[in-house]
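Chains as they are written, first to last, in the numbering used here: chain A, 4 to 289; chain B, 11 to 315.
All C-beta atoms in this analysis are idealised placements derived from N, C-alpha and C, irrespective of residue type, glycine included.
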Amino acid sequence: MNDAPKTAPAPAPDSAARRQFVLDAAKMACGIGFAAGGLALYAKQSKALPPDALRPPGALAETAFQSACIRCGLCVRDCPYKTLDLAKPESNVATGTPYFNARTVPCEMCEDIPCVKACPTGALEHSLTDIRKAKMGLAVIVDQETCLNYLGMRCDVCHRVCPLIDKAITLDPEHNTRTGKHTRFIPVVHSEHCTGCGKCEKACVLEEAAIKVLPFALAKGALGKHYRLGWKEKERSGESLVPADTPHQYNLPEGYRYELGGRGLVRDEPALSTLPPAPGTAKGAR
Amino acid sequence: MAALKRPGAEAIVAKGWFAAHKWLIVRRVSQAGVLALFLLGPLAGVWIVKGNLNFSYTLNVLPLTDPYVLLQSLAGGATPEGKALIGAAIVLVFYFLVGGRVYCSWVCPVNLVTDVAHWLRRRLGIGRTVRIPRKLRYYALAATLALAAATGTVAWELVNPVSMVHRGLIFGIGAAWAVVLAVFLFDLLFAERGWCGHVCPVGAFYSVVALKSPLRVTAARRADCNDCMDCYAVCPEMHVIKPALKGAARGVGPVILSPNCTNCGRCIDVCSKDVFRFGLRYDNRVTESAGRMPAGAVAACSDRA
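See the structure below:
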């Protein structure tokens, strides 16, 4: 191939070889570029962790986690409760990365956090030494319409299984306006303490859990920076920020009134005309 | 292709079956052994090795990291910690010493798949199909690192058949079997030695590691070559042989210096004249008679044989 052509003057063999090289290189670059483009789109998609998948305790923020985790599975191996699993290629979690589903097997919050210790890269931060400081997600009552406690019953299961009972989940008593004489014990999650272990979601007695652990960013609201909570300001400054002589405004919903020092919040009896006619009455018979 | 003369047939006659398969057997034992060590934990509860080929922890003392995965992780913006870095250093030094692509032929589980595909391809007499430039893998290697940097993820690990197969065997296969099948069919029907020899960026990475590796195959007794071509038939990277085997006339030494050589040793097995052996890259002097042989000398040698 490198022999000089013996006949008519042709382009120097060097130039032909160079042409071929550039052509080959361009072809390969195109082919690889095409494949890489596809992979880039796939990578972009799998960067979004599905909301029902939770990372092990101490995991870096999802974007940092996906470059830091080298998919070795040592956290999976050292989890004594087989909570963790490595994502299979068909799953919608990035292939080979560890995750768990709270409704299937929640995190048991081991005191010694073996999964974090096992991580060779720091994708699970070794600075996490107290499992109570873990933030795997945040539990949220996603459905007040089906939660039994909201319906006025004493299910309380999420509260009772919570490893940080009365801190991460409290039951806040509230007047049951439906019956007018009972109390509803509303499960309230406190983000300061909730680790996102998922035991509440696992234990929820409903067919579809009414309490679910969601990614923190999805579940947590944020007050405007300029917001001030009156009662906290009062605590801090020792007096109310609102002048004492301002007449109190109740802003009650329609049909309610407030008896200060008396019965408290009272629902007005609806006008008779709006009630459905009682059976057997003259009106009903008509 | 010359009919169905099995490559190595001559060697079996000349040296006996075992000697003609020695390195192949040792290599298969190595591949199976590595896999067995990893499987012993999950299957039998004997935890000698934990993890997978991306990172493993042996007897709770020896960390081993795939340096290529770690490099992607770094490119993606991560700052890995001690254990992973130490593991990568150990692996890099080891594969530098024994020849980078020893990983491919002695450890990688995909090699078993592509070797079977190649064997079947010969058996079925499937001729040349698509030609892929062997340099493609380096472009693939560069692309995977660029992708890691651009997406901030270890993007190649989403689809890498090597880690997918190995992880699948140890942690549950899932749909990874489809990837194995795809690689198998690619090698069987699409391109001869297609995946490992042309495309795989993991192999390309270990080729780079092997650029100056001391342990190499050498055609030390190339003067005895009888041009039976069996070494070319079995070699997964057949372009690496010629410069060393036929280089005497041009004053090229007998050591196979190409970093693409996987040090599989199959050429040593199938050569009835024992031309090849393992050696060091430094032992590369041109020793044949007067050092530089006239062009006809090689042909003359083989005529004599």
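Expected contact under 8 Å - CB spacing of residue i and residue j to nearest Å
i, j, result
"residue 92 (chain A)", "residue 185 (chain B)", "5 Å"
"residue 167 (chain B)", "residue 99 (chain A)", "6 Å"
"residue 152 (chain B)", "residue 194 (chain B)", "That belief does not hold up - the Cβ atoms of residue 152 (chain B) and residue 194 (chain B) are roughly 26 Å apart, past 8 Å."
"residue 188 (chain A)", "residue 163 (chain A)", "Going by Cβ atoms, the distance from residue 188 (chain A) to residue 163 (chain A) rounds to 12 Å, so no, they are not a contact pair."
"residue 112 (chain B)", "residue 270 (chain B)", "With a Cβ gap of about 12 Å, residue 112 (chain B) and residue 270 (chain B) do not count as contacting."
"residue 127 (chain A)", "residue 203 (chain A)", "So it is not a contact: roughly 23 Å between Cβ atoms."
"residue 209 (chain B)", "residue 146 (chain B)", "6 Å"
"residue 207 (chain B)", "residue 295 (chain B)", "Between residue 295 (chain B) and residue 207 (chain B) the Cβ distance is about 30 Å, and since that is not below 8 Å, they are no contact."
"residue 134 (chain B)", "residue 41 (chain B)", "24 Å between Cβ atoms; not a contact."
"residue 290 (chain B)", "residue 225 (chain B)", "7 Å"
"residue 86 (chain B)", "residue 154 (chain B)", "Their Cβ separation, rounded to whole angstroms, is 11 Å, which puts residue 86 (chain B) and residue 154 (chain B) out of contact at 8 Å."
"residue 282 (chain B)", "residue 21 (chain B)", "4 Å"
"residue 185 (chain A)", "residue 155 (chain A)", "6 Å"
Residues near residue i in its chain [Cβ-Cβ closer than 7 Å; skip 5 each side]
i, result
"residue 213 (chain A)", "144, 145, 146, 149, 150, 207"
"residue 248 (chain B)", "242"
"residue 34 (chain B)", "276, 279"
"residue 314 (chain B)", "Residue placement at residue 314 (chain B) cannot be trusted, given a pLDDT of 41 that sits under 50; what the coordinates show is reported in the next sentence. Same-chain partners within the cutoff: there are none."
"residue 312 (chain B)", "Caution is warranted here: a pLDDT of 43 is assigned to residue 312 (chain B), below 50, making its placement in the model unreliable, and the coordinate value is therefore given only provisionally. Correct list, in chain order: 235, 236, 237."
"residue 197 (chain A)", "141, 142, 171"
"residue 17 (chain B)", "240, 243, 244, 280"
Status (buried if at least 16 other CB within 10 Å, exposed otherwise) for residue i
i, result
"residue 124 (chain B)", "buried"
"residue 251 (chain B)", "buried"
"residue 286 (chain B)", "buried"
"residue 278 (chain B)", "buried"
"residue 132 (chain A)", "exposed"
"residue 124 (chain A)", "buried"
"residue 205 (chain A)", "buried"
"residue 23 (chain A)", "exposed"
"residue 215 (chain A)", "buried"
"residue 175 (chain A)", "exposed"
"residue 139 (chain B)", "exposed"
"residue 18 (chain A)", "exposed"
"residue 69 (chain A)", "buried"
"residue 310 (chain B)", "Since pLDDT at residue 310 (chain B) reaches only 43, below the 50 mark, its modelled position is unreliable, and the value read off the structure follows with that caveat. Residue 310 (chain B) is exposed by the Cβ-count criterion."
"residue 267 (chain A)", "exposed"
"residue 169 (chain A)", "exposed"
"residue 242 (chain A)", "exposed"
"residue 233 (chain A)", "exposed"
"residue 246 (chain B)", "buried"
"residue 28 (chain B)", "exposed"
"residue 187 (chain B)", "exposed"
"residue 379 (chain B)", "No statement about residue 379 (chain B) is possible, as the shown extent of chain B runs from 11 to 315 and does not include it."
"residue 320 (chain A)", "There is no way to answer for residue 320 (chain A), as the model of chain A reaches only from 4 to 289."
"residue 61 (chain B)", "buried"
"residue 254 (chain A)", "exposed"
"residue 183 (chain A)", "exposed"
"residue 228 (chain A)", "exposed"
"residue 246 (chain A)", "exposed"
Own chain, CB closer than 6 Å to residue i, minus 5 neighbours either side, in chain order
i, result
"residue 271 (chain A)", "258"
"residue 318 (chain B)", "Chain B is shown from 11 up to 315; residue 318 (chain B) falls before or after that span and cannot be answered."
"residue 81 (chain A)", "117, 118, 121"
"residue 86 (chain A)", "103, 108, 110"
Other residues of its chain near residue i: CB distance less than 8 Å, five sequence neighbours each side excluded
i, result
"residue 255 (chain B)", "229, 232, 235, 241, 264, 285"
"residue 180 (chain A)", "270"
"residue 189 (chain B)", "169, 171, 174, 175"
"residue 328 (chain B)", "Outside the displayed span of chain B (11 to 315) sits residue 328 (chain B), for which this structure offers no information."
"residue 214 (chain B)", "147, 148, 150, 151"
"residue 139 (chain A)", "57, 58, 59, 60, 62, 110, 198, 199, 200, 201, 216"
Problem set entry | Contact between the region 86 to 100 of chain A and the region 71 to 84 of chain B (3+ Cβ pairs under 8 Å) | no
Exercise. Closer than 9 Å, Cβ to any Cβ of chain A: which residues of the region 72 to 92 of chain B, in chain order?
Worked result: 73, 75, 76, 79, 80, 82, 83, 84, 85, 86, 87, 88, 89, 90, 91, 92
Exercise. Between the region 24 to 44 of chain A and the region 35 to 45 of chain B, do at least 3 Cβ pairs fall closer than 8 Å?
Worked result: no
Exercise. What residues from the region 96 to 120 of chain B come within 8 Å of chain A, judged by C-beta to C-beta, listed N to C?
Worked result: The residues in question are 97.
Problem set entry | the region 60 to 78 of chain A contacting the region 167 to 177 of chain B, beta-carbon criterion three pairs below 8 Å | Segments in contact, yes.
For this session: Can you give me, in chain order, the residues of the region 31 to 49 of chain A that have a beta carbon less than 9 Å from any beta carbon in chain B?
Result: 31, 32, 34, 35, 36, 38, 39, 42, 43, 45, 46, 47, 49
Problem set entry | Any 3 or more C-beta pairs closer than 8 Å across the region 46 to 57 of chain A and the region 62 to 72 of chain B | no
Problem set entry | Members of the region 78 to 96 of chain A near chain B, C-beta cut-off 9 Å | Listed by position along the chain: 79, 80, 81, 88, 89, 90, 91, 92, 93, 94.
Problem set entry | contact_flag[the region 196 to 205 of chain B, the region 49 to 63 of chain B] where n(CB pairs < 8 Å) is 3 or more | The answer is no - the region 49 to 63 of chain B does not touch the region 196 to 205 of chain B, with fewer than three Cβ pairs under 8 Å.
Exercise. Taking any Cβ of chain B, which residues in the region 51 to 75 of chain A have a Cβ under 8 Å from it, in chain order?
Worked result: Those would be 66, 67, 69, 70, 71, 72, 73, 74, 75, in chain order.
Exercise. Taking a cut of 9 Å between CB atoms, which residues from the region 114 to 148 of chain A lie near chain B?
Worked result: 121, 122, 123, 124, 125, 126, 129
For this session: Closer than 9 Å, Cβ to Cβ, to anything on chain A: give me those residues from the region 153 to 183 of chain B, in chain order.
Result: 153, 154, 156, 157, 158, 160, 161, 162, 163, 164, 165, 166, 167, 168, 169, 170, 173, 174, 177, 178, 180, 181, 182, 183
Problem set entry | chain A contacts made by the region 264 to 282 of chain B, where a contact means CB separation under 9 Å | none
For this session: Using a Cβ-Cβ cut-off of less than 8 Å, list which residues of the region 128 to 146 of chain B approach chain A; keep chain order.
Result: Under the 8 Å Cβ criterion, the region 128 to 146 of chain B contributes 143, 145, 146.
For this session: Could you run through the region 43 to 64 of chain B and flag, in chain order, every residue whose CB is less than 7 Å away from some CB of chain A?
Result: When C-beta distances to chain A are compared with 7 Å, the residues of the region 43 to 64 of chain B below that value are 60, 61, 62, 64, in chain order.
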